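Read in order, the letters of the sequence shown are residues 3 to 78 in the working numbering.
Beta carbons are placed, not taken as given, at the ideal position from N, Cα and C, and that holds for glycine.
These figures come from a predicted structure and were not determined experimentally.
Read through the structure below, which is laid out as structure tokens, and then see the notes.
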Amino acid sequence: MWIEEDNKLKRSFLFDDFSAAFAFMTRVALLAEKQNHHPFWTNVYNKVSIELNTHDKGDVVTEKDYKLAKAIDSLV
């Protein structure tokens with residue numbers, strides 16, 4: 003579940019292994035490119051953590067972030 007905190011939407015995803023986490027990141031990257039809205043994210047082994055906010059609106063959460071979050075959710 004996404005949480006809104008510190009002017010960001012945040013969520014972590016756990017996978018069976020690194021390969022599954024990396025495959026997820028690849029799919030997210032394609033969505034982000036399509037929407038021209040790119041996440042801040044980290045990956046450690048099977049965990050992917052994503053933070054979303056809109057830089058050109060002053061680093062706050064906007065509809066663009068909710069739209070990308072919803073698209074990301076559709077992948078899992």
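Tell me which residues share the same chain as Leu33 and place their Cβ nearer than 8 Å to its Cβ, disregarding the 5 neighbours each side in the sequence. Here residue 33 refers to the residue found at position 31 when the sequence shown is read from its first residue. The residues are Leu70, Ala73, Ile74 and Leu77.
Start-to-end residues for the alpha helix (DSSP H) that takes in Lys66: Start at 1 with the first residue of the sequence shown, and residue 66 comes out as number 64. Taken as a continuous stretch (DSSP letters only), the alpha helix (DSSP H) holding Lys66 covers Glu65 to Asp75.
Which residues mark the beginning and the end of the beta strand (DSSP E) in which Val46 is found? Working through the sequence shown from its first residue, we reach residue 46 at position 44. Note, Val46: beta strand (DSSP E), Phe42 to Val46.
Should His57 be counted as a contact of the ligand NAP given a C-beta to heavy atom distance under 6 Å? This structure simply doesn't include the ligand NAP, nor any ligand for that matter.
What does a CB cutoff of less than 6 Å around Arg13 pick up in its chain, not counting 5 residues either side in sequence? Locating residue 13 in the sequence shown gives position 11, where the first residue counts as 1. Residues Trp4 and Ile52 of the same chain have their beta carbon placed closer than 6 Å to that of Arg13, with the five preceding and five following residues left out of the count.
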